[in-house]
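Asker:
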Amino acid sequence: MHTVPITRLSRSFATSYFDAQTAHEGQGTVLTSRVVPSPEWGCNFIDLVALLPEATIGMHEHTMEDSEIYIVISGDGEMTLADKVFKVEQGCVLINPPGGRHALRNIGRSLLKLVVLDMPSPSGKENER
578 MHTVPITRLS RSFATSYFDA QTAHEGQGTV LTSRVVPSPE WGCNFIDLVA LLPEATIGMH
638 EHTMEDSEIY IVISGDGEMT LADKVFKVEQ GCVLINPPGG RHALRNIGRS LLKLVVLDMP
698 SPSGKENER
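The sequence shown begins at 578 in the working numbering and counts up one residue at a time.
#1: Check the DSSP bridge columns for Phe-622 and list the partner residues they point to.
#2: Taking 8 Å as the threshold, find out whether the segment 681-701 comes into contact with the segment 653-663 through three or more Cβ pairs.
#3: According to DSSP, is Glu-705 helix, strand or coil?
#4: Taking the C-alpha atoms as reference points, what is the distance between Ile-672 and Tyr-647?
#5: Is it a yes or a no for the segment 631-645 touching the segment 596-606, going by three-plus beta-carbon pairs under 8 Å?
#6: Under the assumption that Thr-609 contacts Asp-624 (Cβ atoms under 8 Å), give the Cβ distance between them as a whole number of angstroms.
#7: Have a look at Gly-605, Ser-644, Leu-681, Gln-604 and flag the residue whose alpha-carbon is nearest the alpha-carbon of Ser-698.
#8: By the 10 Å Cβ neighbour count, where 16 or more other Cβ atoms means buried, how is Val-662 classified, buried or exposed?
#9: Check the DSSP bridge columns for Gly-654 and list the partner residues they point to.
#10: In its own chain, which residues sit with a C-beta less than 7 Å from the C-beta of Leu-691, not counting the 5 before and 5 after it?
#11: For Leu-628, which residues from the same chain have a beta carbon less than 6 Å from its beta carbon, with the 5 sequence-adjacent residues on both sides left out?
#12: From this set, Phe-595, Gly-668, Glu-666, which residue's C-alpha is nearest Val-612's C-alpha?
#13: Could you tell me if Gly-701 is buried or exposed, where buried requires 16 or more neighbouring beta carbons within 10 angstroms of its beta carbon?
Now the structure itself:
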């Protein structure tokens with residue numbers, strides 16, 4: 578039987594440090610902590626992200642090789658998927674599909690916190706435009 582060390586099976590947002598930056602040419606400060614930096618768990622990465630009030634993740638497009646899942650932990654925001662705008666709040670799960678364009682804006686007075694899972698596309702390069 579092959580055993581995997583427990584350190585490879587668990588990570589903690591509690592011990593994470595954050596980088597303050599702008600994201601995809603957005604506005605304001607976005608705090609990001611990359612908790613899982615490699616594809617060892619079947620995803621490209623897992624980030625804990627916090628947008629300060631009025632901050633944005635600018636509109637950007639992904640390749641056909643990956644998609645993102647956003648899980649909103651707290652706060653209020655507006656998510657733009659292609660040309661549609663949706664209000665998001667705690668508990669929302671959003672899928673940014675391969676090749677999709679999206680942006681996010683904090684419309685609240687407190688941090689908008691979310692977990693971002695970047696997932697490889699099931700068929701990868703086969704679906705490229």
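In this text, a Cβ means the ideal position worked out from N, Cα and C, and glycines have one as well. Since this is a predicted model, take the numbers as computed values, not measurements.
Answerer: Answer, in terms of the structure:
#1: In the DSSP output, where bridge partners are listed per residue, Phe-622 has Asp-695.
#2: When C-beta atoms of the segment 681-701 are compared with those of the segment 653-663, three or more pairs fall below 8 Å, so the two segments count as touching.
#3: Bear in mind that the predicted position of Glu-705 carries a pLDDT of just 43, short of 50, making it unreliable; the figure below should be weighed with that in mind. In the structure shown, Glu-705 sits in coil (DSSP, three-state: anything other than H, G, I, E or B).
#4: Approximately 6 Å, taken between the alpha carbons.
#5: At 8 Å Cβ cutoff, the stretches touch.
#6: The beta carbons of Thr-609 and Asp-624 sit about 6 Å from each other, so the pair counts as a contact at 8 Å.
#7: Considering only alpha carbons, the answer is Ser-644.
#8: By the neighbour-count criterion, in which a residue is buried when 16 or more other Cβ atoms sit within 10 angstroms of its Cβ, Val-662 is exposed.
#9: In the DSSP output, where bridge partners are listed per residue, Gly-654 has Val-665, Asn-683.
#10: Apart from the 5 residues on each side of it in sequence, Leu-691 sits with its Cβ closer than 7 Å to the Cβ of Val-626, Tyr-647, Ile-648, Val-649, Ile-650 in its chain, given in chain order.
#11: Excluding positions up to five away in sequence, the list reads Val-607, Asn-683, Leu-689.
#12: For Val-612, the nearest C-alpha among the options comes from Phe-595.
#13: No answer about Gly-701 holds up, because its pLDDT of 48 lies below 50 and its placement is not dependable.
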